[in-house]
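Protein chains: 2
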Amino acid sequence: METVGQIIRAKRESLGLLLRQVASYLDIDQAILSKIERNERKPTKDNIIKLAEILKLDKEDLLIQFMSEKIAYEIVDEDCASKVLKAAEQKVKYLKSNLVKS
Amino acid sequence: METVGQIIRAKRESLGLLLRQVASYLDIDQAILSKIERNERKPTKDNIIKLAEILKLDKEDLLIQFMSEKIAYEIVDEDCASKVLKAAEQKVKYLKSNLVKS
DNA sequence: TTTACATTTGACAAATGATGTCAAGTAAAA
DNA sequence: TTTTACTTGACATCATTTGTCAAATGTAAA
Numbered sequence: 002m003e004t005v006g007q008i009i010r011a012k013r014e015s016l017g018l019l020l021r022q023v024a025s026y027l028d029i030d031q032a033i034l035s036k037i038e039r040n041e042r043k044p045t046k047d048n049i050i051k052l053a054e055i056l057k058l059d060k061e062d063l064l065i066q067f068m069s070e071k072i073a074y075e076i077v078d079e080d081c082a083s084k085v086l087k088a089a090e091q092k093v094k095y096l097k098s099n100l101v102k103s
Numbered sequence: 002m003e004t005v006g007q008i009i010r011a012k013r014e015s016l017g018l019l020l021r022q023v024a025s026y027l028d029i030d031q032a033i034l035s036k037i038e039r040n041e042r043k044p045t046k047d048n049i050i051k052l053a054e055i056l057k058l059d060k061e062d063l064l065i066q067f068m069s070e071k072i073a074y075e076i077v078d079e080d081c082a083s084k085v086l087k088a089a090e091q092k093v094k095y096l097k098s099n100l101v102k103s
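Which chain is which? The protein sequence lines are P and W, in order. Position one of the first sequence corresponds to residue 2 (my numbering), numbered consecutively onward. Position one of the second sequence corresponds to residue 2 (my numbering), numbered consecutively onward.
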């Protein structure tokens, strides 16, 4: 299973782009991008959106990978992780059905 | 569907405990507990554990409610929320199977 | 080997968000 | 009207996140 970092690095290299080129498009230091690609730092949502643009990756797919990775790391240490995700699904449904902008 | 705050308030009142009594057990100001019960602040994990103790609630259940609520709020605004949760399930499985302590 | 370039690393700074305190406010019962 | 429980909002403190920078490392061509 590929991490977001691995996906990004593979695609960047296949496009022949340099860290500093992509980082400049994201408006961050290349050091951060280097770390993101090696899973040493987490990208922001904005990073992901711009990465999808410049690397020609599907934006929704990449966002799903990004968010699910974040959630997975939050709960992987719990032995009730699976129950948490199922409960979260119910809560999301409930929240969406009651969604009133505040 | 009950929120963690609602569960806590209902149980605290049914036990006849005061905000300041419970808050003191949690080692926080009663203002925070008041806000937690009204979903104006999020409890910490430690808060949840101590709340389960003093309110005689099932600790695992309460933790599941707490964590799933947190996750639900993180993704409720995404229209791909359901896909994210499914992807997260896969990632958790993968991470757990490869779990090596670092 | 030297040079040039891409990437990595770690120390640190700035910004943001989470967590908490406090004191004054409301409301209702004694 | 005094007391009691709770609520509210301004603010302080602290941790985490996000970023910068410059030096170190690796690598391959001149």
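Every residue gets a Cβ at the ideal spot worked out from N, C-alpha and C, and that includes glycine. These numbers were taken from a predicted model, which means no experiment stands behind them.
Beta-carbon gap between residue i and residue j smaller than 9 Å
i, j, result
"W:ALA73", "P:LYS92", "yes"
"W:LEU16", "W:LEU63", "no"
"P:ALA53", "W:SER69", "no"
"W:GLN7", "W:ARG21", "no"
"W:ILE50", "W:LYS36", "no"
"W:LEU86", "P:LEU58", "no"
For residue i, the first and last residue of its enclosing alpha helix (DSSP H)
i, result
"W:MET2", "Element bounds for W:MET2: n/a, residue is neither H nor E."
"P:ILE29", "Premise fails: P:ILE29 is in no alpha helix (DSSP H) and is neither H nor E."
"W:LYS97", "82-98"
"W:GLU41", "Where W:GLU41 is concerned, there is no enclosing alpha helix (DSSP H), given that its DSSP letter is neither H nor E."
"W:LYS57", "From DSSP, W:LYS57 is part of no alpha helix (DSSP H); its letter is neither H nor E."
Residue-level contact to chain W via CB, residue i, 9 Å cutoff
i, result
"P:GLU61", "yes"
"P:LEU86", "yes"
"P:GLU79", "yes"
"P:LYS36", "no"
"P:VAL23", "no"
Beta carbon proximity, residue i to chain P, threshold 9 Å
i, result
"W:LYS71", "yes"
"W:LEU64", "yes"
"W:LEU27", "no"
"W:GLN7", "no"
"W:ALA11", "no"
Other residues of its chain near residue i: CB distance less than 7 Å, five sequence neighbours each side excluded
i, result
"W:THR4", "ASN40 and GLU70"
"W:ILE76", "ALA82 and VAL85"
Own chain partners of residue i with C-beta closer than 8 Å, once the 5 adjacent residues on each side are dropped
i, result
"W:SER83", "none"
"W:LYS43", "ILE37 and LYS71"
Same chain, Cβ closer than 6 Å to residue i, five either side skipped, listed in chain order
i, result
"P:GLN66", "VAL5"
"W:ASN99", "none"
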